[in-house]
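Residue numbers (full-length UniProt numbering): 1 to 146. Glycine included, every Cβ here is placed at the ideal spot set by N, Cα and C. Because the structure is a prediction, the values reported are computed rather than measured. Structure first, then comments.
What follows is the structure, encoded as structure tokens:
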């Protein structure tokens with residue numbers, strides 16, 4: 001982990017909005033690439049990066065951000081929201097992205113591409129996998145605290 005210089009910069013109102021939007025776009029792109037790299041590593045190397053955070057780490061980092069000030073807490077909350085949104089649009093069963101792919105295919109073929117029961121099964125399996133992944137990450141975080 002490195003050291004980053006941080007400075008508070010005062011900008012005029014509209015310049016601050018433009019700078020904030022630019023920072024949001026850059027951060028979203030960076031997070032998207034991290035998520036892609038996470039899944040590539042998960043399926044090729046079979047392990048999850050230590051930088052992946054579950055509920056325990058998120059709680060700790062939230063406390064650290066609050067100690068640094070409200071601005072940092074708000075920025076961290078925004079990063080969490082972006083993360084959740086980007087993960088949610090991934091084409092994985094049980095996530096909105098998985099459902100969107102099926103809707104897109106139905107629009108292309110103008111009919112249902114898989115039976116509703118099978119779709120429900122796919123989403124259930126996807127949900128179980130996601131809950132399992134969250135449980136594993138949380139377990140590792142708790143063990144690391146002990």
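Would a C-beta distance cut-off of 9 Å place residue 36 and residue 79 closer than the cut-off? Within the chain shown, numbered from 1, the residue matching residue 36 stands at position 36. Within the chain shown, numbered from 1, the residue matching residue 79 stands at position 79. No, the pair does not count as a contact, with Cβ atoms beyond the cut-off.
Return the chain-ordered list of same chain residues with a C-beta closer than 7 Å to the C-beta of residue 92, the five sequence neighbours on each side being excluded. Here residue 92 is taken as the residue at index 92 of the chain shown, counted from 1. Once the five neighbours on either side are set aside, the close Cβ partners of residue 92 are 98, 126.
For the alpha helix (DSSP H) that residue 154 lies in, which residues bound it at each end? Any property of residue 154 remains undetermined from this structure, which presents the chain solely from 1 to 146.
Check for me: the alpha helix (DSSP H) holding residue 140 runs from which residue to which? Position 140 of the chain shown, counting from 1, holds the residue named residue 140. 116 to 145 is the extent of the alpha helix (DSSP H) around residue 140.
Nearest-angstrom Cα distance between residue 9 and residue 27? Here residue 9 is taken as the residue at index 9 of the chain shown, counted from 1. Here residue 27 is taken as the residue at index 27 of the chain shown, counted from 1. If you take the alpha carbons of residue 9 and residue 27, they lie about 18 Å apart.
Best match in 54, 7, 34, 19 for proximity to residue 134 [C-alpha to C-alpha]: The sequence position of residue 134 within the chain shown is 134, counting from 1. Checked all of 54, 7, 34, 19; the closest Cα to residue 134 is 54.
Going by DSSP in three states, residue 55 sits in which element: helix, strand or coil? What you label residue 55 is simply residue 55 of the chain shown in a count that begins at 1. Here residue 55 sits in helix by DSSP.
For a test of the three-state rule: what should DSSP assign to residue 26, helix, strand or coil? By one-based count along the chain shown, residue 26 stands at place 26. Helix at residue 26.
Between residue 102 and residue 87, is the Cβ-Cβ spacing less than 9 Å? Here residue 102 refers to the residue found at position 102 when the chain shown is read from its first residue. Here residue 87 refers to the residue found at position 87 when the chain shown is read from its first residue. Contact: no.
Own chain, CB closer than 7 Å to residue 72, minus 5 neighbours either side, in chain order: Taking the chain shown and counting its residues from 1, one reaches residue 72 at position 72. Shown here for residue 72: same chain residues with a beta carbon closer than 7 Å to its own, the five before and five after excluded, namely 65 in chain order.
Between which two residues does the alpha helix (DSSP H) holding residue 76 run? In the chain shown, residue 76 corresponds to position 76, counting from 1. Residues 70 to 88.
Tell me the DSSP secondary structure of residue 1 in three-state form. If you number the chain shown from 1, residue 1 lands on position 1. Bear in mind that the predicted position of residue 1 carries a pLDDT of just 45, short of 50, making it unreliable; the figure below should be weighed with that in mind. Residue 1 sits in coil when the DSSP states are folded into three classes, being neither helix nor strand.
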